[in-house]
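Chemist: Here you go, one structure.
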Amino acid sequence: MATNPVSAATPDIPALFTPLTIRGLTLPNRVVMSPLCMYSADDGVVSDWHVVHLGSRAMGGAGLVIAEMSAVHPNGRISVKDAGIWDDKHTEPWKRVVDYVHAHTDGKIGMQLGHAGRKGDTGESWKRGSGDETIMGYDIIAPTAIPVSERARVPREITPDEIAAVPGWYVDATKRALEADFDMLEFHCAHGYLMSSFISPLSNRRTDDYGGGLENRMRLPLEVFRAIRAVWPDERPISVRISAVDWEEGGHEIEDAVAVSRLFHEAGADLIDVSSGMVTNKRPPDSSLFQVPFAEQIRAEAGVPTMAVGNIEWAEQMNHIIESGKADLCVIGRGHMYDPYLARHAAREIGYDMPWPGQYSRGAKFRQLDR
Ligand SMILES: Cc1cc2nc3c(=O)[nH]c(=O)nc-3n(C[C@H](O)[C@H](O)[C@H](O)COP(=O)(O)O)c2cc1C
Numbered sequence: 024m025a026t027n028p029v030s031a032a033t034p035d036i037p038a039l040f041t042p043l044t045i046r047g048l049t050l051p052n053r054v055v056m057s058p059l060c061m062y063s064a065d066d067g068v069v070s071d072w073h074v075v076h077l078g079s080r081a082m083g084g085a086g087l088v089i090a091e092m093s094a095v096h097p098n099g100r101i102s103v104k105d106a107g108i109w110d111d112k113h114t115e116p117w118k119r120v121v122d123y124v125h126a127h128t129d130g131k132i133g134m135q136l137g138h139a140g141r142k143g144d145t146g147e148s149w150k151r152g153s154g155d156e157t158i159m160g161y162d163i164i165a166p167t168a169i170p171v172s173e174r175a176r177v178p179r180e181i182t183p184d185e186i187a188a189v190p191g192w193y194v195d196a197t198k199r200a201l202e203a204d205f206d207m208l209e210f211h212c213a214h215g216y217l218m219s220s221f222i223s224p225l226s227n228r229r230t231d232d233y234g235g236g237l238e239n240r241m242r243l244p245l246e247v248f249r250a251i252r253a254v255w256p257d258e259r260p261i262s263v264r265i266s267a268v269d270w271e272e273g274g275h276e277i278e279d280a281v282a283v284s285r286l287f288h289e290a291g292a293d294l295i296d297v298s299s300g301m302v303t304n305k306r307p308p309d310s311s312l313f314q315v316p317f318a319e320q321i322r323a324e325a326g327v328p329t330m331a332v333g334n335i336e337w338a339e340q341m342n343h344i345i346e347s348g349k350a351d352l353c354v355i356g357r358g359h360m361y362d363p364y365l366a367r368h369a370a371r372e373i374g375y376d377m378p379w380p381g382q383y384s385r386g387a388k389f390r391q392l393d394r
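Okay, here's the thing in structure tokens:
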């Protein structure tokens, strides 16, 4: 069964601010910054932008910040400005980001490994459709030559020889992530990118061992997972982000997500980060906490700790998700863009006196002082 987060909560410490230990890693609280592509790297090399982007959210109290999807292969980029981890030159700049988080905050930092697959080379998100986006003409690959939408480029069907090379890309990237001293890995198997497009029957119509039933569609993601688990230290956890449902007929339903989660957990995944959709252009409801019930069901039925994400806004919501055992971690994306100090503000909202760095201790009582 999944860990019971409520057990560590006391009248003084709300569930949201209890630590969570997974393998040898202890997160100081349950607030996580979701991976957010910044489209701000230079040939995959991250910069000061990423030190501040990730460092400030860890300073802001998040127990874990997860770096954006970083490409394990240059052609696996969404845009030319994506972060990378396919080359040794990427390691040291990432280590600068990690070292900042370790030296100046109580938070931990994860690396998200990904390959954009058939959703590659569409340009920087805020320029897409404007005509100003940079299209590189990358060789984009997928399990089957089906475009993500009618207007999208048709990907090239990946060959069996190329499939055999994929675990090696991820293993090399994992070794670099370790050298950069990331505390945790997240294996990106959601949102229609390469791994996700193997898992969904909407994008995988292969007739070889890598297509067909769920066991075959999961073959490559599990081969990759096992390969990275084998080189990532035992004491450091790995989460897997999945698209629980495809929001389209013929695609995955929640029962499939439970089966997928069980397979990853059996292979050694410590957490399932439960997102949904984006395998095709069909849109999810995008209202309320529509993905949280998926995290709850996977946690209960697959017996694996989960991370809930999507539209989580308020401290009470976050605390309730943890306290009621719907998920083990609360993952917040856009909220962290709006407010780098989101975790500290959430703590105050629910009356928890979160420790501040010494340098800022006199600021901790701002707007609470007797005048
Ligand atoms: C600008 C932007 C970039 C994103 N980049 C990534 C990414 O690199 N990897 C990923 O798994 N999800 C990515 N996402 C999805 C978020 O991590 C998150 O799942 C989503 O925004 C829903 O959470 P929220 O409602 O708290 O924002 C991105 C979302 C946004 C808005």
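Residue numbers for the sequence shown, in my numbering: 24 to 394. From the three backbone atoms N, C-alpha and C, an ideal C-beta is built for every residue, glycine too. What you are looking at is a predicted structure, and each value in this text was computed from that prediction instead of being measured.
Give the secondary structure of residue 269 by DSSP, where H, G and I count as helix, E and B as strand, and everything else as coil.
Modeler: Three-state result, residue 269: coil.
Chemist: Looking at residue 328 and residue 293, is the spacing between their C-beta atoms short of 8 Å?
Modeler: Against a cut-off of 8 Å, the Cβ pair of residue 328 and residue 293 comes out as a contact.
Chemist: Is residue 388 helix, strand or coil by DSSP?
Modeler: Here residue 388 sits in coil by DSSP.
Chemist: Name the residue from 307, 261, 224 and 289 whose alpha carbon lies nearest to the alpha carbon of residue 275.
Modeler: When each option's Cα is compared against that of residue 275, the closest is 224.
Chemist: Give, in chain order, every unbroken run of the beta strand (DSSP E) that is at least 3 residues long and sits entirely within the stretch 50–89.
Modeler: Segments of the beta strand (DSSP E) lying fully in the stretch 50–89: 54–56.
Chemist: Can you list, in chain order, the residues of its chain whose CB lies under 8 Å from that of residue 122, leaving out five sequence neighbours each side?
Modeler: Hits under 8 Å: 204.
Chemist: How big is the Cα-Cα spacing for residue 191 and residue 368?
Modeler: If I take the Cα positions, the gap works out to 42 Å.
Chemist: Judging by CA-CA distance, which residue of 357, 143, 179 and 100 is the nearest neighbour of residue 56?
Modeler: If we check each option's Cα against that of residue 56, 357 comes out closest.
Chemist: In terms of alpha-carbon separation, which member of 385, 105, 355 and 300 lies closest to residue 220?
Modeler: Of the candidates 385, 105, 355 and 300, the one whose C-alpha sits nearest the C-alpha of residue 220 is 300.
Chemist: Less than 8 Å separating the beta-carbons of residue 93 and residue 78?
Modeler: Result no, Cβ atoms of residue 93 and residue 78 do not sit closer than 8 Å.
Chemist: Pick out whichever of 142, 140 and 118 has its Cα sitting closest to the Cα of residue 132.
Modeler: That would be 118, whose Cα lies nearest to the Cα of residue 132.
Chemist: Could you pull out every residue in the same chain whose Cβ sits closer than 8 Å to the Cβ of residue 306, ignoring the five residues on either side in sequence?
Modeler: Contacts found: 270 and 300.
Chemist: For residue 28, which residues of its own chain have a beta-carbon under 8 Å away from its beta-carbon, when the five flanking residues on both sides are left out?
Modeler: Any reading at residue 28 must be qualified, since the residue scores a pLDDT of 48, below 50, and its modelled position is unreliable; no value is offered.
Chemist: Residue range of the alpha helix (DSSP H) that residue 195 falls in?
Modeler: Where residue 195 is concerned, the enclosing alpha helix (DSSP H) stretches over 183–202.
Chemist: Could you name the residues of the same chain whose beta carbon sits closer than 6 Å to that of residue 157, not counting the 5 residues immediately before and after it, in chain order?
Modeler: The answer, listed in chain order, is 103 and 146.
Chemist: Please work out which residues of its chain come closer than 7 Å, Cβ to Cβ, to residue 250, disregarding the five sequence neighbours upstream and downstream, and give them in chain order.
Modeler: So the qualifying residues of the chain are 190, 193 and 194.
Chemist: What is the residue span of the alpha helix (DSSP H) that residue 382 lies within?
Modeler: That residue, residue 382, is in no alpha helix (DSSP H); it is neither H nor E in DSSP.
Chemist: By Cβ distance, which residues of its chain are closer than 7 Å to residue 24, with the 5 residues on each side in sequence left out?
Modeler: Low local confidence applies: a pLDDT of 38 at residue 24 is under 50, so the model's placement there is unreliable, with the coordinate-based value given in what follows. Closer than 7 Å at Cβ, skipping near neighbours: 326.
Chemist: Under a three-way DSSP split, which group does residue 158 fall into?
Modeler: Coil at residue 158, not helix or strand.
Chemist: Expressed to the nearest angstrom, what Euclidean distance is found between the alpha-carbon atoms of residue 139 and residue 389?
Modeler: The alpha-carbon atoms of residue 139 and residue 389 are separated by roughly 44 Å.
Chemist: Given the structure, does residue 297 come close to ligand 1, in the sense that its CB is under 7 Å from one of the ligand's heavy atoms?
Modeler: It does not: the Cβ of residue 297 is nowhere closer than 7 Å to a heavy atom of ligand 1.
Chemist: Could you tell me which residues DSSP pairs with residue 134 in its beta bridges?
Modeler: For residue 134, which the question treats as bridged, DSSP gives the partners 208.
Chemist: How big is the Cα-Cα spacing for residue 232 and residue 184?
Modeler: Roughly 13 Å separates the two Cα atoms.
Chemist: From the DSSP output, in three-state form, read off residue 280 for me.
Modeler: Note: residue 280 maps to helix in three-state DSSP.
Chemist: Go ahead and label residue 254 buried or exposed: buried means 16 or more other beta carbons lie within 10 angstroms of its beta carbon, across all protein chains shown.
Modeler: Residue 254 should be labelled exposed.
Chemist: Give the single residue among 68, 74, 64 and 85 whose Cα lies nearest to the Cα of residue 50.
Modeler: Out of 68, 74, 64 and 85, 85 has the C-alpha closest to the C-alpha of residue 50.
Chemist: When DSSP labels each residue in this structure, what does residue 346 get in the three-state scheme?
Modeler: The answer is helix: DSSP assigns residue 346 an H, G or I state.
Chemist: Which residue wins for smallest C-alpha separation from residue 134, given the options 170, 160 and 209?
Modeler: The option with the nearest alpha carbon to residue 134 is 209.
Chemist: Per DSSP, what kind of secondary structure is residue 33 in: helix, strand or coil?
Modeler: Residue state, collapsed to three classes: coil.
Chemist: Secondary structure at residue 92, three-state DSSP: helix, strand or coil?
Modeler: Note: residue 92 maps to strand in three-state DSSP.
Chemist: Just verifying my parser: in three-state terms, what is the DSSP assignment at residue 245?
Modeler: Three-state DSSP puts residue 245 in a helix.
Chemist: Helix or strand or just coil, what does DSSP make of residue 153?
Modeler: Here residue 153 sits in coil by DSSP.
Chemist: If you draw a straight line from the alpha carbon of residue 226 to that of residue 304, how long is it in whole angstroms?
Modeler: Roughly 12 Å between the two C-alpha positions.
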